[in-house]
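Reviewing the structure listed below.
In our numbering, the protein residues as written are 32 to 114.
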């Protein structure tokens, strides 16, 4: 798979109760869980993906003119459960 290939995929495997590992096509892995420890939850990974996509786009345009001295992105959301 090359960076220009538009197809993306990940596979997820359960490693123990409430614990999983995601693997991408390039062999990268990311462990996550249900929130009982310090690892990311799926909702936090979704926020990370949204913030990460935005950060990469802004970084591409920003660094065309100069290297920023600081660049931070924050993504927040409220998790709402149906009653």
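For glycine and all other residues, C-beta sits at the position ideal for the given N, C-alpha and C. In this text the structure is predicted, and so the values were computed from the model without any measurement.
Just how far apart, CA to CA, sit residue i and residue j?
i: residue 113; j: residue 90; result: 37 Å
i: residue 102; j: residue 76; result: 20 Å
i: residue 59; j: residue 97; result: 31 Å
Helix, strand or coil: how does DSSP classify residue i here?
i: residue 56; result: coil
i: residue 49; result: coil
i: residue 41; result: strand
Leaving out the 5 sequence neighbours to the left and right, which residues in its chain are closer than 8 Å to residue i when beta-carbon positions are compared?
i: residue 78; result: 106, 107 and 108
i: residue 82; result: 104, 105 and 106
i: residue 51; result: 43, 44, 45, 62, 63 and 64
Under 6 Å Cβ to Cβ from residue i, same chain only, skipping five residues before and after it: list those, please.
i: residue 118; result: Because the chain here runs from 32 to 114, residue 118 falls outside it and cannot be looked at.
i: residue 116; result: Look at the range of the chain in this structure, 32 to 114, and you will see that residue 116 is not part of it.
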